[in-house]
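Participant: Under my numbering, the letters of the sequence shown match residues 1449 to 1835, in that order. For every residue, glycine included, the Cβ atom is placed at its ideal position computed from N, Cα and C. The structure displayed is predicted, hence computed values, not measured ones. I have a structure I would like to understand better, so I am pasting it below and will then ask my questions one at a time.
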Amino acid sequence: MHPHNSSNRASVVWWPPRHAHMMHAGIALFLFIASPLVGGSRQPWGLAITALLAICLPLSSLRPRIGLFASLVLAWIGLAGAEPIALFAIAIPWFICAMLLSRGHPRRTIYPAAAAHALALIIYASQTPDGPFFGTLATAIIATPCLTAGEMVRLHRQATARTELERQERLERQRRLVISELHDTVVRDLSHAVMLAEQARLTHPDDELLHRELAAVTAPVRSAIKQLRNSLKAMSAAKGDDALLLLASSPPPPLSETIERVRASLAQRDTVLLVEGLELLDHQSITPGVHQQLVRVIGELITNASKYAPPSTKVSLLIETDDRTVECMCVNAIGPDTPPSTALSSKIGLEGARRRIETLGGTFTVSKTAERWSVVFSVPIQDDDAT
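Written out as structure tokens, the structure is:
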């Protein structure tokens, strides 16, 4: 089955494939053939009502409201007629209600229809001495299990749909991250390598051998950059995310500018921002792509910290490196009832920052206590094989 498009995720309707309609037609044929064998009338009138009731089952699979309404009317006509109708034929409206429930159709239509049919059966049965008891018992034995089974299937399908939706959302986040990460790191680092090669060529204008060797290296790199950019553009356009590639190709604001903006915002609440080790981001082992990612993540960390830091406290940013990794720690005090400040808006979010650090091969840890919030991340800037 496939879900029908709906803006309301909780009320998705499942439409069955063609073979399901054929299955309902087969069930209807079986009910019609079995009806005379279990107490149903063999007279033309009784057989006609039974046949029409059976047809309502596949009809409801194709046209739910029409089939349900027709089954109710025909069942009531059968109850009022002189010829006896088999009980399971009279119960077809409940079968239809269970089927529609399982497919996610609105309960506000199904349950009133089931209750109306139960009331009609009880009223009809009350014409005999033990009728009310028989009508209530038939309702309990047939209607209740049908509706319960329909609800169980409905809940299972909704849970499956939610799981699939969450999976699609995770895949979409991963797709957007891959596009952004590839442009921020791989494309930028390859472009930087080409730039260094060009600088080396200009530095040695008379070295023909060096020129040929550099040309042999830079030509395929340029081609790879072009192909990668075209692929990223195609991936973005496929989902209508043209703005995503533009955002990824646009460098983030300078970190010094972000720090000054955060300091100005914190000063309004008598809160200070302490920064140490910012110059370490210019370490020679940090490639331009990694540098840009670090700038994005650190900008997000101090922006997020400034939103939750209470007045008259401090926000600390510490950056360290041991020539193999870059480590950063951002700490801010938190209050029990401190609402987030709306002066600054988040850019990529903490979860986005975590994914960016992890794609660089680093670790990202968030710790929260009653008094402070701290984020620590570490990113390798030199491969072990290079040492």
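Taking DSSP as the reference, what is the three-state secondary structure of proline 1788?
Facilitator: The predicted model places proline 1788 with a pLDDT of 49, which falls under 50 and marks its position as unreliable, so this point remains unresolved.
Participant: Does the segment 1538 to 1550 touch the segment 1497 to 1505, meaning 3 or more C-beta pairs lie closer than 8 Å?
Facilitator: A contact exists between the segment 1497 to 1505 and the segment 1538 to 1550.
Participant: What residue does the beta strand (DSSP E) around arginine 1820 start on, and which one ends it?
Facilitator: 1820 to 1828
Participant: Kindly indicate which residue of Gln1575, Phe1582 and Ala1588 has the alpha-carbon position closest to the one of alanine 1562.
Facilitator: Ala1588
Participant: Under 6 Å Cβ to Cβ from serine 1483, same chain only, skipping five residues before and after it: list those, please.
Facilitator: Thr1498, Ala1534 and Ala1537
Participant: Helix, strand or coil: which one does DSSP assign to threonine 1817?
Facilitator: coil
Participant: Would you mind working out which of Pro1506, Leu1549, Leu1630 and Ala1672 sits nearest arginine 1475, comparing C-alpha positions?
Facilitator: Checking the displayed sequence, the identity of residue 1475 turns out to be isoleucine instead of arginine. Comparing Cα-Cα distances from isoleucine 1475 to each of Pro1506, Leu1549, Leu1630 and Ala1672, the minimum goes to Pro1506.
Participant: Rounded to whole angstroms, what's the CA-CA distance from tryptophan 1463 to serine 1550? Just pull it up for me.
Facilitator: 11 Å
Participant: Please list the terminal residues of the continuous beta strand (DSSP E) segment that includes serine 1764.
Facilitator: First-last of the beta strand (DSSP E) with serine 1764: 1762 to 1769.
Participant: In the DSSP assignment, find the alpha helix (DSSP H) that holds threonine 1498 and state where it starts and stops.
Facilitator: 1492 to 1510
Participant: Whole angstroms is fine: what's the gap from serine 1764's alpha carbon to glutamate 1748's?
Facilitator: 14 Å
Participant: Out of Thr1773, Ala1781 and Arg1820, which has the shortest C-alpha to C-alpha gap to glycine 1810?
Facilitator: Thr1773
Participant: What does a CB cutoff of less than 6 Å around leucine 1548 pick up in its chain, not counting 5 residues either side in sequence?
Facilitator: Cβ contact annotation for leucine 1548 (same chain, cutoff 6 Å, sequence separation greater than five): Pro1512 and Ile1558, in chain order.
Participant: Pop quiz: alanine 1645 and leucine 1662 are said to be a contact at Cβ under 8 Å. What is the actual Cβ separation, rounded to whole angstroms?
Facilitator: 5 Å
Participant: So is arginine 1803 buried or exposed if we call it buried at 16+ other beta carbons inside 10 Å?
Facilitator: Its Cβ being crowded by 16 or more others within 10 Å, arginine 1803 is buried.
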